[in-house]
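Student: For the sequence shown, UniProt numbering assigns the number 1 to the initial residue and increments by one for each residue that follows.
Just so it is clear, CB atoms sit at the ideal spot from N, CA and C, and this is done for glycine as well.
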Amino acid sequence: MGFFSKLFGLDREQEQSEAVVEPFDYQGFQIYAEAKAVSSQFQVNGRICKEIDGELKTHDFIRSDLFMMPEDANEVMLRKARMFIDQMGEGVFD
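(1) Given this structure, state the Cα-to-Cα distance separating valine 38 from methionine 68, to the nearest angstrom.
(2) What whole-angstrom Cβ distance do glycine 73 and valine 44 have, given they're in contact under 8 Å?
(3) Assuming glutamate 55 is part of the beta strand (DSSP E), what are its boundary residues?
(4) Are there 16 or more other CB atoms within 10 angstroms of the CB of glycine 54, so buried, or fewer, so exposed?
(5) Would you mind stating whether phenylalanine 61 and glycine 46 have Cβ atoms separated by less than 8 Å?
(6) Pull up the CB-CB distance for tyrosine 32 and arginine 82, whole angstroms please, since I reckon it's below 8 Å.
(7) Nearest-angstrom Cα distance between valine 20 and lysine 57?
(8) Could you please give the first and the last residue of the uninterrupted alpha helix (DSSP H) stretch that includes aspartate 94?
Here is the structure:
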C-alpha cells in the first residue's frame, strides 16, 4: 500500500509534516513558517516561539489566507508574524 500511496501522492501531507523547518529569528522570537496543504492550496500556518525564564513558549499561528504556492503562504506567515510580534511583544503567549 505504501508504494501506491506515494505513487498517487497520498503521502504528500505526511512528507510535508516531516520536513525540517528552519526558524526565522526576529527580535528574540523564532518564527516557523509551515504552510499547510488544504485541498490544492496552501494555508498560512506556523509557530512563534521564544524561551522565557527557561521555558519554551509557543503560539500556534493560523490564518485563513490561501495561496497556490507554499512559498507565498510562508512569506505571508513571516510578514504577519512580525507584525503580530511588533504589536504584542511577549503578550503573544498570553
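Tutor: With the structure as the only source:
(1) Taking the first residue of the sequence shown as 1, we reach residue 38 at position 38. Taking the first residue of the sequence shown as 1, we reach residue 68 at position 68. Going from the Cα of valine 38 to the Cα of methionine 68 covers about 10 Å.
(2) Locating residue 73 in the sequence shown gives position 73, where the first residue counts as 1. Locating residue 44 in the sequence shown gives position 44, where the first residue counts as 1. Looking at the sequence provided, one finds alanine at residue 73 rather than glycine. With a Cβ gap of about 5 Å, alanine 73 and valine 44 count as contacting.
(3) Stepping through the sequence shown from its first residue, residue 55 is reached at position 55. Note, glutamate 55: beta strand (DSSP E), 55 to 67.
(4) The residue given as residue 54 occupies position 54 in the sequence shown. Label assigned to glycine 54: exposed.
(5) On the sequence shown, position 61 is the one that residue 61 refers to. On the sequence shown, position 46 is the one that residue 46 refers to. A contact, by the Cβ cut-off of 8 Å.
(6) Residue numbering aside, residue 32 sits at position 32 when the sequence shown is read from its first letter. Residue numbering aside, residue 82 sits at position 82 when the sequence shown is read from its first letter. Actually they do not touch by this definition, with Cβ atoms about 13 Å apart.
(7) Reading the sequence shown from its first residue, position 20 is the one you call residue 20. Reading the sequence shown from its first residue, position 57 is the one you call residue 57. Cα-Cα distance, rounded: 19 Å.
(8) Stepping through the sequence shown from its first residue, residue 94 is reached at position 94. Unbroken run through aspartate 94: none, as it is neither H nor E.
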